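What follows is a single structure, written as C-alpha cells, with notes after it.
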Amino acid sequence: MCKVLIPALLRSQTEGKAEVEAEGTTVGEVIRHLDVRFPGLAERLLQDQRLRPGLGVAVDGEISHRGLREPVRPTSEVIFIAAVSGG
Amino acid sequence: MPSLSASPDGSVAPALRVVGTRPVRPDGIDKVTGRALYGADITLPGLLTGRVLRSPLAHARIVRVDTSAARALPGLKAVVTAADLPPAPDRIEDLGEGAIDLRYLSDNLLAREKVLYHGHAIAAVAASTPEIAEQALALIRVEFEPLPPVMTASAAMKPDAPLLHAGLKTDRMGQRDAAPSNVASQLRHERGNLDDGFRRAAVVIDRRFRTETVHQGYIEPQASTAHVQADGQITIWTSTQGTFAVRSQVAEVLGLPVSRIKVVPTEIGGGFGGKISVYLEPLAVLLSRHAGFVPVRLVMSRTEVLTSTGPTSGSDLRIRIGADTSGKLVAMQAELYYEAGAYPGSPVGAAAVVSFAPYVCEAMRVDGYDVVVNRPRASAYRAPGGTNVAFAVESVIDELAESLDLDPIEMRLINAVREGDRRPDNLPLARIGYVECLQALRQSEHYRTPLTGRHRGRGVACGYWGNWGGQSSATAILNPDGSVSFNVASTDIGGSRASLAMQLAESLGIDYAQVKPRIGDTDSVSYNDVTGGSRTTFATGWAAYDLGQKLAAEMTARLAQRWEVAPESILRAGGGFASGDRRVDFAEASKLVCEDAPLMVSTTVHPKGYGAAFSVQCADVEVDPDTGKVTVLRYTIVQDAGKAVHPSYVEGQMQGGVAQGIGWALNEEYVYNEKGELLNGSLLDYRMPTACDLPMIDTIIVEVPNPGHPYGVRGVGEVNIIPPAGTLANAIHRATGVRLTALPMSPPRVLAALWEKSGYRP
Numbered sequence: 000m001c002k003v004l005i006p007a008l009l010r011s012q013t014e015g016k017a018e019v020e021a022e023g024t025t026v027g028e029v030i031r032h033l034d035v036r037f038p039g040l041a042e043r044l045l046q047d048q049r050l051r052p053g054l055g056v057a058v059d060g061e062i063s064h065r066g067l068r069e070p071v072r073p074t075s076e077v078i079f080i081a082a083v084s085g086g
Numbered sequence: 000m001p002s003l004s005a006s007p008d009g010s011v012a013p014a015l016r017v018v019g020t021r022p023v024r025p026d027g028i029d030k031v032t033g034r035a036l037y038g039a040d041i042t043l044p045g046l047l048t049g050r051v052l053r054s055p056l057a058h059a060r061i062v063r064v065d066t067s068a069a070r071a072l073p074g075l076k077a078v079v080t081a082a083d084l085p086p087a088p089d090r091i092e093d094l095g096e097g098a099i100d101l102r103y104l105s106d107n108l109l110a111r112e113k114v115l116y117h118g119h120a121i122a123a124v125a126a127s128t129p130e131i132a133e134q135a136l137a138l139i140r141v142e143f144e145p146l147p148p149v150m151t152a153s154a155a156m157k158p159d160a161p162l163l164h165a166g167l168k169t170d171r172m173g174q175r176d177a178a179p180s181n182v183a184s185q186l187r188h189e190r191g192n193l194d195d196g197f198r199r200a201a202v203v204i205d206r207r208f209r210t211e212t213v214h215q216g217y218i219e220p221q222a223s224t225a226h227v228q229a230d231g232q233i234t235i236w237t238s239t240q241g242t243f244a245v246r247s248q249v250a251e252v253l254g255l256p257v258s259r260i261k262v263v264p265t266e267i268g269g270g271f272g273g274k275i276s277v278y279l280e281p282l283a284v285l286l287s288r289h290a291g292f293v294p295v296r297l298v299m300s301r302t303e304v305l306t307s308t309g310p311t312s313g314s315d316l317r318i319r320i321g322a323d324t325s326g327k328l329v330a331m332q333a334e335l336y337y338e339a340g341a342y343p344g345s346p347v348g349a350a351a352v353v354s355f356a357p358y359v360c361e362a363m364r365v366d367g368y369d370v371v372v373n374r375p376r377a378s379a380y381r382a383p384g385g386t387n388v389a390f391a392v393e394s395v396i397d398e399l400a401e402s403l404d405l406d407p408i409e410m411r412l413i414n415a416v417r418e419g420d421r422r423p424d425n426l427p428l429a430r431i432g433y434v435e436c437l438q439a440l441r442q443s444e445h446y447r448t449p450l451t452g453r454h455r456g457r458g459v460a461c462g463y464w465g466n467w468g469g470q471s472s473a474t475a476i477l478n479p480d481g482s483v484s485f486n487v488a489s490t491d492i493g494g495s496r497a498s499l500a501m502q503l504a505e506s507l508g509i510d511y512a513q514v515k516p517r518i519g520d521t522d523s524v525s526y527n528d529v530t531g532g533s534r535t536t537f538a539t540g541w542a543a544y545d546l547g548q549k550l551a552a553e554m555t556a557r558l559a560q561r562w563e564v565a566p567e568s569i570l571r572a573g574g575g576f577a578s579g580d581r582r583v584d585f586a587e588a589s590k591l592v593c594e595d596a597p598l599m600v601s602t603t604v605h606p607k608g609y610g611a612a613f614s615v616q617c618a619d620v621e622v623d624p625d626t627g628k629v630t631v632l633r634y635t636i637v638q639d640a641g642k643a644v645h646p647s648y649v650e651g652q653m654q655g656g657v658a659q660g661i662g663w664a665l666n667e668e669y670v671y672n673e674k675g676e677l678l679n680g681s682l683l684d685y686r687m688p689t690a691c692d693l694p695m696i697d698t699i700i701v702e703v704p705n706p707g708h709p710y711g712v713r714g715v716g717e718v719n720i721i722p723p724a725g726t727l728a729n730a731i732h733r734a735t736g737v738r739l740t741a742l743p744m745s746p747p748r749v750l751a752a753l754w755e756k757s758g759y760r761p
C-alpha cells in the first residue's frame, strides 16, 4: 500500500487524517481506492476524468506530468499539490 | 562511447570542455547593429495598421457599442467587437500560463457584458494608415452603466463589496461556497500543531504587510501581425515567450484547429512572464479576416502595456512566526491575499509554496486567497508571487533574529532546509544548495567588511523557487563541413541560443562555433512549452544533450558500416571517431556520413528532476533622513546555479533579477485614483530603476549540481527576484530603526515612517 498525503482542505473528507494508505498501481487507481473508503474525495480531486485544473500530483518527490496515469509502487508516497507555473 | 550522466551523489563527470565557458552569443551582432527583427519590425505588402479601443472606466456594464460611424470612415478596413468572437468556451485549460478559464481569456481580449478595468479592450480596428485607425476609434460610441470599482483585496472581501463576476463562487479545493464572492479560491498548506508551536515560542512576531501592483517592465511593447489567407491558413508573427502557447490560445478563443495556425517568433525585447498570454494576436487574426485577407499589425503603446497587459498582483499579507530562545523556528503562519486583477488566477499558489520553503519547522499553516479586483488581469512575472511573500517573511525572520541577538545568516543556517526536508505543501526537496549559498555569503568579502557611516544599514534575505521542467523539442541537422544546424522552439529571452548550443556541442564533443542555433516556428519544430519557469536551459538543454547523443550514435553506426567494423569498436575522443588504426575528426566524419544520406535527428523530452533554486542576498543602503530616499551602496547576490552553462548569462540573470527586485522594492507601483483610473501609465511616472539608480551588483555563483540533469543544471532565471525587497527592507531597518511593512519603500513612505518614529508632525 502506498502512502498518500492529504492536502489540508481535503482532510474533512478523510476524517481529519493528514496521511492515509491506499492501493493502486497508478494515481488514478489510488484515487478510486480512496474514494471507496472516503466517499466524495474523488469529486474534490477530479474533473472530467482528470485532475482538477490547478491541481498537480507528485509521486516519490517528483512532480508528475502524467497525472492520473503516473505509476505508483507499494512503497510510493503520493502528494497532491497546487500546480505552479513560472514567468 | 562515453556517456555523461549525473551520478546519485550529484557529481558530474567527465570534465566539461564547453559548458562553463563564456563564448560570444550567436545573436549578438544582429542585436547590437539593429538588424534583429522585433515584433514591430514586421512589414508585409498591403499591411494594415490596427488599433484598440479601451475602456476609460474601471468597472461598468456595457449597454451598447455603436461602430456605424467608424465603419463609414474612408480607409477603415475592419472593425471588430466581442460580437465577432465565437461564444466563449466554458472550459478550463492550461495553455501555457497555468490553468485558465477560456471564458475569461476570451472576455479579456474584448469585453462582452462588462468592462472590468481601466484599459479593458472593447473594440479593434484596422485601417490603411495609423491616422485613420485613430480617427475610427474616436468614432466608436460606447454607452456605459458605471459601477463602483473594487481596487484592493481587502475592499473586495468586504461583505458588501460590489461583485465583479455574478457567478464566481469561492472554490476550496473542489468545494464551492454557496454565495458568489470576489474570492475565487482558497488554498491551505498545514502540518503539525500550530497552537502548540506558538506556545513553545520564546518570541513571536506577528506583522501585516501590503505590496502594490507592479509591471514586468519589458522594454518592447506587445506587437503582433497576422495574415489570414483566403484558404484559411493563418500566419502570426509575434513577440512571445511561447509560440505554441500563442497557437493554443488563438485556436481556443477563435474556435480554430491548430493546424490552420502558424506562429513565427520575432526577437523579443523582454518578457519576464508578461509575454505568455495573448492580447493582440486573436484581434489581428479577426481584423485580417474581416479586412479581406490582408495582413494587420497591432503594436501597443507604452500606456496600453501598463493599463492593459498583465502586471503582477498586489497583495495583503499577514505573517506570524515564533522561535525558541536558540533561534529555532517552532511555528509559522501566513495569510496571503493576492489580487488577481479582473479574472481569477493570481500567483498565490506559488506564493504559498515559496513562503516558508527555506525553513524547517514542524508546525506551519499557509492560507492563500485569490481575489478579483478591478485591475488588469494579473499574469506571470519572474517567480510569480514570490517577491511579495518573501518581503514579508524575510522581514519577520530578520526581526526575530534581531530580537534574539542572532546574526541574520546564522538565524537562517539554524533553520535552513536541506535535502529531504519538505516545502509547505509537503513536497520533499532533492539535492539543493541553500546552505552552501548562506555559507558563501557569510564568507564573502562584502559580508566580512564592516559597514560604517551614519544612516547606513546592511540587510540580508533569502529566497526559494521550485523551477519547472516542461516539454521541449529540437532537431539537429549534420552538415558535411562538420557544423550542426540546431533548431529549437524555445524563444530566446535570456541568451538560451548560446547556452543550448553549448550543451549540444558538449554532448557531441565539438566546439561551440560548430553549432548553429535557430529558433523555429510552430510548423518547423515539434511542441515546446513556453520559455518561462526557469526551464529552458534545463529542459531544452536536456533536449540538446539528447540530440548530441543520438547524432553521435547514428554517425557511429554509419561509420561502422562503412569501415565494416562493429559499432562498439568505435571510440569517441575529442569529437572524433576511431577504430583500430582508422581515425577521423568530427568534420571528416560528417563528410563521410553525409555522403551516404543526409542526417537529421530529432528529440522530444519532458524531464523531471528540475531541481530547486535558492538565492541569498545582501545589500548596504544609505537613507537620506531629509528626503527618505534610499541609495543602494552595495549589493551581492549568491545563487545556486547547479552548473552555470554560460557563467556570463547566469550572472546577467542574477543581476537582472536583482535590478527588477530593487525597482519593485523602492519605487514601482500602479497608482490609481478613487475611480480606478491608472494615473501613472508611462515610464516617466511608473518609476523603474535606471543605471543611475543601481550599484554594481556583485554575483557569487554556487554550483551544487542538480542530479536531474546531465550537466547538473538548475534553472537560474527567477529565484533572484525573490529576496531583494526583503533584503532592502532589512537594510533600511538597520539604517534607520524603522521597519517598513509596505512596498514600494519610496521616499514619501520612508519619510513618513521616519517622521512617525521621531514624533515629527509636518
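Same order as they appear, the protein sequences are chains Z and E.
Each residue of the first sequence is one higher than the one before, counting from 0 in numbering that gives the first Met the number 0.
Each residue of the second sequence is one higher than the one before, counting from 0 in numbering that gives the first Met the number 0.
We put the beta carbon where it would ideally sit given N, CA and C, even for glycine.
None of the values given here were measured: they were computed from a predicted structure.
{"Query": "First through last residue of the beta strand (DSSP E) which encompasses methionine 363 of chain E", "Result": "363–371"}
{"Query": "C-beta neighbour in chain E for histidine 32 of chain Z, strict 8 Å", "Result": "no"}
{"Query": "Nonlocal neighbours in the same chain, by C-beta distance under 6 Å from arginine 317 of chain E, ignoring five residues either side", "Result": "Arg207, Glu334"}
{"Query": "Closest residue to glycine 419 of chain E among E/Asp480, E/Pro375, E/Pro357 (Cα-Cα distance)", "Result": "E/Pro357"}
{"Query": "Nearest-angstrom Cα separation, counted from alanine 724 of chain E out to glycine 660 of chain E", "Result": "6 Å"}
{"Query": "Coarse secondary structure for serine 10 of chain E, derived from DSSP in three states", "Result": "Low confidence applies to serine 10 of chain E: its pLDDT is 47, below 50, so where it sits in the model is not reliable, and the reading given next is rough at best. It is coil, neither helix nor strand."}
{"Query": "Buried versus exposed call for asparagine 486 of chain E [16 or more other C-beta atoms within 10 Å across all chains shown]", "Result": "buried"}
{"Query": "Validate contact between the region 639–656 of chain E and the region 458–473 of chain E using beta carbons, cut 8 Å, 3 pairs", "Result": "no"}
{"Query": "Per-residue DSSP class, three states only, for threonine 74 of chain Z", "Result": "coil"}
{"Query": "8 Å Cβ cutoff, leucine 4 of chain Z in contact with chain E", "Result": "yes"}
{"Query": "Within chain E, partners of valine 29 of chain Z - CB distance below 8 Å", "Result": "Result: empty, since nearest Cβ-Cβ is about 16 Å, beyond 8 Å."}
{"Query": "Chain Z contact residues for proline 375 of chain E, given Cβ-Cβ distances below 9 Å", "Result": "Within chain Z, no residue comes near proline 375 of chain E; the closest Cβ sits about 16 Å away, beyond 9 Å."}
{"Query": "Cross-strand partners of glutamate 142 of chain E (DSSP beta bridge)", "Result": "E/Arg63"}
{"Query": "Proximity below 8 Å, CB of serine 482 of chain E to CB of glutamine 548 of chain E", "Result": "no"}
{"Query": "Partner residues on chain Z for arginine 171 of chain E, Cβ-Cβ distance less than 7 Å", "Result": "Leu8"}
{"Query": "CB contact below 8 Å: aspartate 323 of chain E versus chain Z", "Result": "no"}
{"Query": "Asparagine 672 of chain E to arginine 49 of chain Z span [Cα, whole Å]", "Result": "44 Å"}
{"Query": "Segment contact, 8 Å Cβ cut-off, at least three pairs: the region 346–360 of chain E with the region 223–230 of chain E", "Result": "no"}
{"Query": "Neighbouring residues, chain E, relative to glutamate 42 of chain Z (Cβ below 8 Å)", "Result": "Gly173"}
{"Query": "Buried or exposed by the 16-neighbour rule on C-beta atoms within 10 Å, applied to tyrosine 759 of chain E", "Result": "exposed"}
{"Query": "Per DSSP, the bridge partner or partners of alanine 538 of chain E", "Result": "Answer by DSSP bridge pairing: none, since alanine 538 of chain E is not bridged."}
{"Query": "8 Å Cβ cutoff, isoleucine 661 of chain E in contact with chain Z", "Result": "no"}
{"Query": "The region 175–183 of chain E in contact with the region 98–107 of chain E per 3-pair CB rule at 8 Å", "Result": "no"}
{"Query": "Where the region 180–210 of chain E meets chain Z: residues whose CB sits under 9 Å from a CB there", "Result": "Ser184, Gln185, Leu186, Arg187, His188, Glu189, Arg190"}
{"Query": "C-alpha gap between methionine 0 of chain E and leucine 279 of chain E, whole angstroms", "Result": "With a pLDDT of only 33 at methionine 0 of chain E, under the threshold of 50, the placement of this residue in the model should not be trusted; the figure read from the coordinates follows. Their Cα atoms are separated by approximately 49 Å."}
{"Query": "Chain E contact for proline 52 of chain Z (CB, 8 Å cutoff)", "Result": "yes"}
{"Query": "Counted within 10 angstroms of its Cβ, other Cβ atoms place serine 325 of chain E as buried (16 or more) or exposed", "Result": "exposed"}
{"Query": "DSSP three-state assignment for tyrosine 433 of chain E, whether helix, strand or coil", "Result": "helix"}
{"Query": "Near-chain Z residues of the region 379–395 of chain E (beta-carbon distance less than 9 Å), N- to C-terminal order", "Result": "Ala379, Tyr380, Arg381, Ala382, Pro383, Gly384"}
{"Query": "Candidates E/Pro220, E/Pro294, E/Val31, E/Pro264: closest to arginine 517 of chain E by CA position", "Result": "E/Pro264"}
{"Query": "Under the three-state DSSP convention, the category isoleucine 188 of chain E falls into", "Result": "One point to set straight first is that residue 188 of chain E is histidine, not isoleucine, in the sequence displayed. Here histidine 188 of chain E sits in strand by DSSP."}
{"Query": "Short CB-CB distance (under 8 Å) between isoleucine 814 of chain E and chain Z", "Result": "Here chain E has residues from 0 to 761 only, and residue 814 of chain E is not among them."}
{"Query": "Residue-level contact to chain E via CB, alanine 57 of chain Z, 8 Å cutoff", "Result": "yes"}
{"Query": "Valine 392 of chain E (DSSP reduced to helix, strand or coil)", "Result": "helix"}
{"Query": "Range of the contiguous alpha helix (DSSP H) that encloses glycine 575 of chain E", "Result": "Element bounds for glycine 575 of chain E: not the alpha helix (DSSP H) but the beta strand (DSSP E), 575–578."}
{"Query": "Touching by the beta-carbon criterion (3+ pairs, under 8 Å), the region 366–377 of chain E and the region 153–162 of chain E", "Result": "yes"}
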